[in-house]
Structures are given as C-alpha cells and as structure tokens.
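Engineer: Protein sequences, first through last, are from chains P and C.
Residue 141 in the numbering used here is what sits at position 133 of the first sequence, and the numbering runs on without skipping anything.
Residue 1059 in the numbering used here is what sits at position 85 of the second sequence, and the numbering runs on without skipping anything.
Idealized CB from N, CA, C, for every residue including glycine.
Sharing a structure here in structure tokens format.
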Amino acid sequence: MEYAPAPESRAVVSLRTSYELFIDGEFTPAKSGEELTTVNPADEEPLARVAVAGAADIDRAVAAARRAYEGAWGRMSGAERGKYLFRIARIIQERSRELAVLESLDNGKPIKETRDVDLPLVAAHFFYHAGWADKLSHAGLGPAPRPLGVAAQVIPWNFPLLMLAWKIAPALATGNTVVLKPAETTPLTALAFAGICQEADLPPGVVNIVTGAGDTGRALVAHPGTDKVAFTGSTEVGREIARAVAGTGKRLTLELGGKGANIVYDDAALDQAVEGIVSGIFFNQGHVCCAGSRLLVQESVADELLPRLRARIERLRLGDPLDKNTDIGAINSAAQLDRIRELARAGADEGAESWSPACRLPERGYWFPPTVLTGVTQAHRVAREEIFGPVLSVLTFRTPEEAVAKANNTPYGLSAGVWTEKGSRMLWTAERLRAGVVWSNTFNKFDPASPFGGYKESGYGREGGRHGLEAYLVHAA
Amino acid sequence: MTDTAPPPGTAAPSPPDAAASNAALRAFLHGLPGVDEVGVQARAADLATRSIKTTAKARAIDLAIRMVDLTTLEGADTPGKVRALCAKAVRPDPADRSVPSVAAVCVYPDLARTAADALAGSGVAVASVATAFPSGRAPLEAKLADTRRAVADGAAEIDMVIDRGAFLAGDYRAVHDQITAVKEACGPAHLKVILETGELATYDNVRRASWLAIHAGADFIKTSTGKVSPAATLPVTLIMLEAVRDHHAATGRRVGVKPAGGIRTTKDALRNLVLVNEVAGPGWLDPAHFRLGASSLLNDLLMQRTRLSTGSYPGPDYYTLD
Chain P
9 MEYAPAPESR AVVSLRTSYE LFIDGEFTPA KSGEELTTVN PADEEPLARV AVAGAADIDR
69 AVAAARRAYE GAWGRMSGAE RGKYLFRIAR IIQERSRELA VLESLDNGKP IKETRDVDLP
129 LVAAHFFYHA GWADKLSHAG LGPAPRPLGV AAQVIPWNFP LLMLAWKIAP ALATGNTVVL
189 KPAETTPLTA LAFAGICQEA DLPPGVVNIV TGAGDTGRAL VAHPGTDKVA FTGSTEVGRE
249 IARAVAGTGK RLTLELGGKG ANIVYDDAAL DQAVEGIVSG IFFNQGHVCC AGSRLLVQES
309 VADELLPRLR ARIERLRLGD PLDKNTDIGA INSAAQLDRI RELARAGADE GAESWSPACR
369 LPERGYWFPP TVLTGVTQAH RVAREEIFGP VLSVLTFRTP EEAVAKANNT PYGLSAGVWT
429 EKGSRMLWTA ERLRAGVVWS NTFNKFDPAS PFGGYKESGY GREGGRHGLE AYLVHAA
Chain C
975 MTDTAPPPGT AAPSPPDAAA SNAALRAFLH GLPGVDEVGV QARAADLATR SIKTTAKARA
1035 IDLAIRMVDL TTLEGADTPG KVRALCAKAV RPDPADRSVP SVAAVCVYPD LARTAADALA
1095 GSGVAVASVA TAFPSGRAPL EAKLADTRRA VADGAAEIDM VIDRGAFLAG DYRAVHDQIT
1155 AVKEACGPAH LKVILETGEL ATYDNVRRAS WLAIHAGADF IKTSTGKVSP AATLPVTLIM
1215 LEAVRDHHAA TGRRVGVKPA GGIRTTKDAL RNLVLVNEVA GPGWLDPAHF RLGASSLLND
1275 LLMQRTRLST GSYPGPDYYT LD
C-alpha cells in the first residue's frame, strides 16, 4: 500500500526575502550591515536573508531590555504579566499551522512533528508559565522572589520555537526581560515570534531577538549589561560560555549534550519497547539532546528484539518534511550531516556493524538514513560521543547491575529510558541512573510542568516546572 | 514496500506440546511479551494520523470494499432482508459497475441456505456465525451441530465465538479444545474465531487469546461480535495484527484478522488498512487475510468513492439501505 503524496501547503507562510533584527519592539536593520542566508535543508533552496547582529546591535538590544526591565515591565504586577503571556499563548495556537509549516521549512523536521509535538508544547509552555506569573510567592522560593533583570538567551537549531518557548516563557513570567539569539540555521520562527510579541502589544524591549551565528552569540553572552545567561546547545560551546561568564556574577544555566541510555530488560513489552527505541532515536532525526542514542538490551532478548526493531525501521518514511506521512525529515545543515557521517564511519571503522533500511534518499538536501550500529562496546567512540543524528548504538548487558553501570558510564547525564513490566525493577533502576530525566516504558515525552536538565557534562540548572522558575529568580533578601 | 516481518525463528515459537495440558498452555500464553497499554494506544493513535489522499485513497476504498463482510445479525432478520443484502454484496452500487463485490455476506446459521442460494456463482462467500453466537453459552454438542448445519447449508466461512467465561477463568485448555473441535466440524469451511475483546478486559488477554486461537487452528481471528461495546478498536486490532505477524514469522502460516463492530466510516476503514500495512505488512492487504465486519460501512465507502471520482457528495438516498 503506497501512500500518495499528502503535502501540507506552503501557502500559509508568507516569507519575506529579508529579515531585520527585533529590538525595542521594532524590526530594525543591523548596524553591522551583514547578512546570512537561511536555507531549506530538505532541498537546499535559500529561504530568506537574515541580518547578523554585531556588537553595536547587541548593545542596543541589551539597552532596550534594560529600559523595559526598569520601566513598564519591571513595575508591572504578576497578574498583568500573566495576561501578556496568555495572549501570546493564544496567538501561537491561532497561528500554529503557519508556525508549524515555517518550522518544517527552516529546520527540515517533519510536519507531523511540528504540528503534533512542537507547536502544542510551545503553546503549553506559555500557558503554563502564564499561570505562574502571579503566583511566584507560592513557588517555594521565598515569600517575594525577585527577577534577575536582563537575560541573555542562546538557543539551538533542533527545536527552534520550542527552545525559544522554554527560554522566554519562564523569563517573562518571572519578570525578566530578554535578548534571545536563535541558531543561525533556524532563525525564522523566532522572527515570526517577534511579530507575535507585536501582535500581543508586549511593551517594547521586553523581548529582543538578535540573529546571527557564533560571533553574535559570543557578543551577547559576554555583554556586561546582562544579569543571566541561559544556553542550550553543545557541551563544547557550553564550556566556552561557562568560561566567559565565570567571575562576572551572572547567573548561568546550561542545557548541553547527552548520550542517553535506553535500557530494555528481558521482561519488557517488546513491541512497545521497539516503538520507544524508534521514538527515542529517530524523533526529530535524532537531533535531540536527550535522545536514547545508546540502546542497552538484555542479552537474552537481543535476538528477539533486534529483528523487530529492524522490521519497524523498514517502515519509517523518509522524505519531504512537508508531507504529512513523513516520519524522518532532513538533517538540519551540511555541517551537521558531515559530523554524522564522520561519526557513523568511525563506528564502522571500530568494528561495529552498520545497518540501514533500503530507503532512497532525495537527491537534493541534507539526508542521512536511519542507522543501527550493533556490536558496539563502551570503548567505541559511537558509544561515548554525541552523534546528534539518526544513529543508534546497540550494546547488550546480562544483569541489572551491568545495565546501570553501563548506562552511567558516560560523561553525560541528561536522559535515560527503562523498559520492564516489573515495577520493582523499574524503581530499582531509575533510582540508580545518573540522569536528569528517566522515562519509564516511554521516551521523549515532555511537559512544561516537568523539570528538565542534566547531570555532569549535560549541564546545570533546570527548565520547566517549579524548579525552572528558580533559574530566573532571586530569593528576597 | 516489502513484507518485512521478522525473519522466521525470531518471534515467539509455539512449543509443540503447548496444548498438552492447561498448565503448559498457561505457561506459554503468560510467557508472551506483555503489552504496555499506554504504548499500544499511542502507536495506534499515531498511525491514525496517516493522511491517505487521491490515488492512494481510491485504491484503498476499493480494497476496503473487497474486504467487507456485509453483515446482518438481528433477531428480526428475514429471508427477504438477506436476499436484498446479497444483491447489494454482489453489486454494491447498481449505478456503477466498476465497484467491486464485497468479500462475504455474514448471517445467522438459519439463513445460510437463503444466502447461499442468492449468492450462487457470484464469487461472494457466505459467512455464518455459529457456536451459539453471540454469547457462546451452549453445550459443545450444540455448538458443533450449529456449525455443521451452517456448513451443510452453504456457509464457506464460520465465525465462532470463544467461551469467554472459560478464558477468564484461566481454563485455556477448554477454549483451545472447543476451537479445535469446531475447526474439525467446519470441514472445508474457513474458521474465524471471535475473541470478543471487549469482554477480555486487558490488552494482555487480547494477545493471549489471539495466540490461543491461532494455535488451535483459526484461519482468522476476529475482534468482536458487534453485540458488546467496545468492539473493534484500533489498539486491539493492532495487537491481533502483531500476533499474526509474529506467528507467520515463526511458522510461515498466514492467519487473517477481522475487526468487526463499530467500523462505520471510510476513515475508520482506511485507518484499519494503515494498521495492516504498517504492523503486519502488505502481505495482509488482501481479502484472504483481512476483513472488515460491518453493516453500515459500505455505503460510506460508496459515497466517498463517488466523491473522489466526481468531486461532489451524492445524497444518502442514492444508495440502497440494504
């Protein structure tokens, strides 16, 4: 049964040829005069030119955020702030189809994920934090916690609008103002969000969006006029930021890389475990910091589980991200594709066996087939380094102790999954895993009320839930 | 797309003596991997979002029509009603000869002869619900007599109900032996075993009952009588498709699946076909291995078919009631 193409319409999106920075409530040209081009990773077609913010632009943005913090926004009651957040949340819902298409175009991820996962979560994060805005004294952070001031926020390309929501919603709910830099390959939904801020009549300067690449991010993070830095991205860049912020007195939260273990015990519900393994590593092309990129399967069921897994992967549909039946979309950039290829090759060179389904890759665009590496050992690079792509490394274990030891034997500690029908084994395992999130008989589930963050080189601080508010508040003196 | 069920030998094999005792059957059935309720519901919901359009939809609608077991199972059924239904089964749309016939007409045993006469030479099979349908609460001798009579009267397919009471009491051997006996009484007729999943309460039980019926010789496993709610749900059909897929991988024998009850719209039918395609594989996309038990589905399929070819919906009065 072949499915006829079922493409979502691009007509709901009106792309401009070029975009300016969003500072002090207005779109404004970059003083730097520089631009970058953002492309559709599925076909390499240029989508739009986007301004690159230089040092002078960052100065302007931080100054605007400071004025807003010391002005209207800082004096506003929590209940009033909450109204703005509710309004933003509703506009996001109303424009969710347009935003979902725009996200798929700019990022390469399938429309069914932007439509069914990203956008509902984006709206949920604004709704959730809107509810907190007038209740901060009940968050367990002291009787009258205060905002920090101006937050510098730098977000990655894997969930552009969702990561924006994770950063901006709590910052605004707690009374801070923000300067946010989206990733250079995926700036378009952040700029659409700037338009939503205008539509919601958000006071000028409360949210500022500065686009650009690494230099722009470095200038923003190092700017002395900010009180807080929040970063989601690679561990390598996170280290650089930690060094830049050290000694400045700024607060810092980092959400970094991961090499999540997905542990399948021999008594697991195997067909559902297969689904969890698939969503754990192939959701968003594996561009997920908490991806279950290391499958740890109990030796006694490996021979039963792996053929089921391969049969399931054969059914994944790779191709046009705007087709509603696409399961796997494009890799976000040529650079990321190169990195995935290099690491997958390293796996094969080190003796792992590589398997991919017989799927045809589109001729244009950045594509990598879903890949399973078996015969991987802890000593292999593919068991240790984050690949950030649709590549699953399979290891086996014999006892629960061995599973936990292997799961924890990583410099990272962001996520883990445990699959067993036995409750006591589940709890025994979960309490020993050194990971910020442990999913039980599921994987990659997110909720704004649930705090998210890492151990070890996966960063520090939490986003979401009551814990996430703490990152943007100081206790009353 | 290729048939990519797991290779033989990887799925749960059936020990040759699994049915040797109730204890052996229990050990086998309870040794099957469990079903995670949240996970199976999520998977079914995800597959239900598949978007079947244009040419794919046209092909799927015709396939669904060919898979329909057009059913009337009412106490008030008359020979006249059954004859009308048979005429419709052979030529669902009198105005459009390109519409294929359905797979079978499903009636109570006392009307099997009427249906067989009306369908003679048409290629449409007679299916009959025997074994004290729908409760199944009758002595085995009565069930076997019911079955033999229906086959003698021209039923090529027997839809039997399992003894849910025995199943829930853990008396798997009794259920197994009844199915085996009915299969034998069927002679050349195909046996569809109705699990009545709405009464089995858990997905684990659905999986166990599926394997039990398959081992006892079922040619098809069927969700429901249509008399109990919930009837055919997507997660239940999904579990049954996994069972036949795994059994096929282990033995090479392809058992069919028939969701029945509550399938009323083209959208319902297409979602079922997507499940078949992605869970069991395209090898089951054939009336020989997948059926839809329905009474009101056919008209909606016909209306959607007309809309696809003409661009507008005809009114319901353009289609026969039965």
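In chain D, what lies closer than 7 Å to serine 1025 of chain C by C-beta?
Structural biologist: No chain D is present in this structure, whose protein chains are P and C.
Engineer: Output yes or no for whether 8 Å exceeds the beta carbon distance between isoleucine 1136 of chain C and lysine 1166 of chain C.
Structural biologist: Your numbering for residue 1136 of chain C matches position 162 in the second sequence. Your numbering for residue 1166 of chain C matches position 192 in the second sequence. The answer is no: Cβ separation not under 8 Å.
Engineer: Sort out for me which residues DSSP pairs leucine 1165 of chain C with in a bridge.
Structural biologist: Start at 1 with the first residue of the second sequence, and residue 1165 of chain C comes out as number 191. In DSSP, leucine 1165 of chain C forms a bridge with C:Ile1132.
Engineer: When Cβ atoms are compared, which residues of the segment 99 to 124 of chain P fall closer than 8 Å to chain C?
Structural biologist: Using a CB distance below 8 Å, the part of the segment 99 to 124 of chain P facing chain C consists of Lys120 and Asp124, ordered along the chain.
Engineer: Within the continuous beta strand (DSSP E) that includes lysine 263 of chain P, where are the two ends?
Structural biologist: On the first sequence, position 255 is the one that residue 263 of chain P refers to. Looking at the sequence shown, residue 263 of chain P is not lysine but glutamate. Bounds of the beta strand (DSSP E) holding glutamate 263 of chain P are 259 to 263.
Engineer: Between glycine 183 of chain P and the rest of its own chain, which residues show a CB-CB distance below 6 Å, the 5 nearest in sequence each way excluded?
Structural biologist: Here residue 183 of chain P refers to the residue found at position 175 when the first sequence is read from its first residue. Taken in chain order, the residues that qualify are Pro155.
Engineer: Measuring CB to CB, does aspartate 328 of chain P end up less than 8 Å from proline 128 of chain P?
Structural biologist: Position 320 of the first sequence, counted from the start, is the residue given in the question as residue 328 of chain P. Position 120 of the first sequence, counted from the start, is the residue given in the question as residue 128 of chain P. Taking 8 Å as the Cβ cut-off, aspartate 328 of chain P and proline 128 of chain P do not qualify as a contacting pair.
Engineer: Determine the closest residue to proline 456 of chain P out of P:Leu44, P:Gly288, P:Ala177 and P:Leu314, with distance taken between C-alpha atoms.
Structural biologist: For the purposes of this step, residue 456 of chain P is taken as the residue at position 448 of the first sequence. With distances taken between Cα atoms, proline 456 of chain P lies closest to P:Ala177.
Engineer: Taking 8 Å as the CB-CB cut-off, is asparagine 449 of chain P touching chain C?
Structural biologist: Counting from one through the first sequence, the residue named residue 449 of chain P turns up at place 441. Chain C, which has a Cβ nearer than 8 Å to the Cβ of asparagine 449 of chain P, makes this yes.
Engineer: Identify, in the order they occur along the chain, each residue of the same chain with its Cβ nearer than 6 Å to the Cβ of serine 448 of chain P, setting aside the five sequence neighbours on each side.
Structural biologist: Looking up residue 448 of chain P in the first sequence gives position 440. Same-chain partners within the cutoff: Val426 and Met434.
Engineer: Do three or more CB pairs link the segment 381 to 398 of chain P to the segment 348 to 363 of chain P at distances below 8 Å?
Structural biologist: yes
Engineer: So, with DSSP's three-state summary, where would you put asparagine 1246 of chain C?
Structural biologist: One-based indexing of the second sequence puts residue 1246 of chain C at position 272. Under the three-state reduction of DSSP, asparagine 1246 of chain C is assigned to helix.
Engineer: In this structure, how does DSSP classify tryptophan 363 of chain P when only helix, strand and coil are distinguished?
Structural biologist: Counting from one through the first sequence, the residue named residue 363 of chain P turns up at place 355. It is a strand residue.
Engineer: Beta-carbon within less than 8 Å of valine 390 of chain P's beta-carbon, same chain only, minus the 5 sequence neighbours each way: which residues are those?
Structural biologist: Within the first sequence, residue 390 of chain P is the residue found at index 382, counting from 1. Cβ neighbours of valine 390 of chain P beyond the five flanking positions: Leu351, Ala352, Ala354, Gly355, Glu358, Ala360, Leu381, Val384, Val399 and Ser401.
Engineer: Listing by chain order, which chain C residues have their CB less than 9 Å from the CB of glycine 294 of chain P?
Structural biologist: Against the first sequence, residue 294 of chain P aligns to sequence position 286. The contacting residues do not exist; glycine 294 of chain P stays about 18 Å from chain C at best.
Engineer: Between which two residues does the alpha helix (DSSP H) containing tryptophan 447 of chain P stretch?
Structural biologist: Here the question's residue 447 of chain P lines up with position 439 in the first sequence. Careful: tryptophan 447 of chain P lies outside any alpha helix (DSSP H), inside the beta strand (DSSP E) at 445 to 448.
Engineer: Mind reading off the beta-carbon distance from glycine 1100 of chain C to valine 1079 of chain C? Whole number of angstroms is fine, and I expect it under 8 Å.
Structural biologist: What you label residue 1100 of chain C is simply residue 126 of the second sequence in a count that begins at 1. What you label residue 1079 of chain C is simply residue 105 of the second sequence in a count that begins at 1. According to the sequence displayed, residue 1100 of chain C carries valine and not glycine. Right, the Cβ-Cβ distance comes to about 6 Å (below 8 Å), so this counts as a contact.
Engineer: Per the contact definition of three or more C-beta pairs closer than 8 Å, is the segment 1022 to 1042 of chain C in contact with the segment 1255 to 1270 of chain C?
Structural biologist: yes
Engineer: Starting from the Cα of alanine 108 of chain P, find the closest Cα among P:Val21, P:Leu199, P:Val282 and P:Gly472 and give me that residue.
Structural biologist: Here residue 108 of chain P corresponds to residue number 100 of the first sequence, with the count starting at 1. Cα-wise, what sits closest to alanine 108 of chain P is P:Val21.
Engineer: Classify isoleucine 1237 of chain C as helix, strand or coil using the three-state DSSP reduction.
Structural biologist: Reading the second sequence from its first residue, position 263 is the one you call residue 1237 of chain C. Looking at isoleucine 1237 of chain C - three-state DSSP - the assignment turns out to be coil, as it is neither helix nor strand.
Engineer: Spatial neighbours of glycine 983 of chain C within its chain, please: C-beta separation below 6 Å, excluding the five flanking residues on both sides.
Structural biologist: To locate residue 983 of chain C, count along the second sequence from 1; it is residue 9. Below a pLDDT of 50, predicted positions are generally treated as unreliable, and glycine 983 of chain C, at 41, falls in that range; no measurement from the model is reported.
Engineer: If you draw a straight line from the C-alpha of methionine 975 of chain C to the C-alpha of glutamate 10 of chain P, how long is it?
Structural biologist: Your numbering for residue 975 of chain C matches position 1 in the second sequence. Your numbering for residue 10 of chain P matches position 2 in the first sequence. Because the pLDDT at methionine 975 of chain C is just 38, under 50, the model does not fix this residue reliably, and the point stays unresolved.
Engineer: Counting along the chain, where does the alpha helix (DSSP H) carrying glutamine 161 of chain P start and finish?
Structural biologist: Along the first sequence, one-based indexing puts residue 161 of chain P at 153. That residue, glutamine 161 of chain P, is in no alpha helix (DSSP H); its beta strand (DSSP E) goes 158 to 162.
Engineer: On the DSSP bridge assignment, give the partners of arginine 372 of chain P in chain order.
Structural biologist: For the purposes of this step, residue 372 of chain P is taken as residue 364 along the first sequence, with counting starting at 1. Beta-bridge pairing links arginine 372 of chain P to no other residue.
Engineer: I want to verify the contact list: residues of chain P whose CB lies under 9 Å from the CB of arginine 1017 of chain C, in sequence order.
Structural biologist: Counting from 1 along the second sequence, the entry for residue 1017 of chain C is found at position 43. Going along chain P in sequence order, the residues near arginine 1017 of chain C (Cβ under 9 Å) are Asp279, Gln280 and Glu283.
Engineer: Alpha helix (DSSP H) containing glycine 288 of chain P: first to last residue?
Structural biologist: Mapped onto the first sequence, residue 288 of chain P falls at position 280. Segment 278 to 290, the alpha helix (DSSP H) holding glycine 288 of chain P.
Engineer: Tell me the DSSP bridge mates of serine 85 of chain P?
Structural biologist: To locate residue 85 of chain P, count along the first sequence from 1; it is residue 77. Under DSSP, serine 85 of chain P shares a beta bridge with no residue.
Engineer: Does the beta carbon of glutamate 34 of chain P fall short of 7 Å from some heavy atom of the ligand SAM?
Structural biologist: You won't find the ligand SAM in this model; it holds no ligand whatsoever.
Engineer: If the criterion is Cβ atoms closer than 8 Å, does the pair valine 1156 of chain C and threonine 1199 of chain C meet it?
Structural biologist: Numbered from 1 along the second sequence, position 182 holds the residue referred to as residue 1156 of chain C. Numbered from 1 along the second sequence, position 225 holds the residue referred to as residue 1199 of chain C. Their beta carbons are not under 8 Å apart, which means valine 1156 of chain C does not touch threonine 1199 of chain C by this criterion.
Engineer: Where does glutamine 306 of chain P fall in DSSP's three states?
Structural biologist: Along the first sequence, one-based indexing puts residue 306 of chain P at 298. It is a strand residue.
Engineer: Just checking my contact of proline 392 of chain P with threonine 418 of chain P at CB under 8 Å: how many whole Å lie between their CB atoms?
Structural biologist: Here residue 392 of chain P corresponds to residue number 384 of the first sequence, with the count starting at 1. Here residue 418 of chain P corresponds to residue number 410 of the first sequence, with the count starting at 1. Looking at the sequence provided, one finds arginine at residue 392 of chain P rather than proline. Confirmed, about 7 Å.
Engineer: Do the CB positions of lysine 1027 of chain C and alanine 50 of chain P come within less than 8 Å of each other?
Structural biologist: Stepping through the second sequence from its first residue, residue 1027 of chain C is reached at position 53. Stepping through the first sequence from its first residue, residue 50 of chain P is reached at position 42. No, the Cβ-Cβ distance between lysine 1027 of chain C and alanine 50 of chain P is not below 8 Å.
Engineer: Are there 16 or more other CB atoms within 10 angstroms of the CB of glycine 213 of chain P, so buried, or fewer, so exposed?
Structural biologist: Taking the first residue of the first sequence as 1, we reach residue 213 of chain P at position 205. Result: buried.
Engineer: Any idea what DSSP makes of serine 1269 of chain C, helix, strand or coil?
Structural biologist: To locate residue 1269 of chain C, count along the second sequence from 1; it is residue 295. Of the three classes helix, strand and coil, the one that applies to serine 1269 of chain C here is coil, per DSSP.
Engineer: Between which residues of its own chain and isoleucine 66 of chain P is the CB-CB distance below 8 Å, once the five residues before and five after are set aside?
Structural biologist: Counting from one through the first sequence, the residue named residue 66 of chain P turns up at place 58. Same-chain partners within the cutoff: Val187, Val218, Thr224, Ala227, Leu228 and His231.
Engineer: Let me know if leucine 1295 of chain C comes out buried or exposed under the rule of 16 or more other beta-carbons within 10 Å of its beta-carbon.
Structural biologist: Along the second sequence, one-based indexing puts residue 1295 of chain C at 321. Exposed, because fewer than 16 other Cβ atoms sit within 10 Å of the Cβ of leucine 1295 of chain C.
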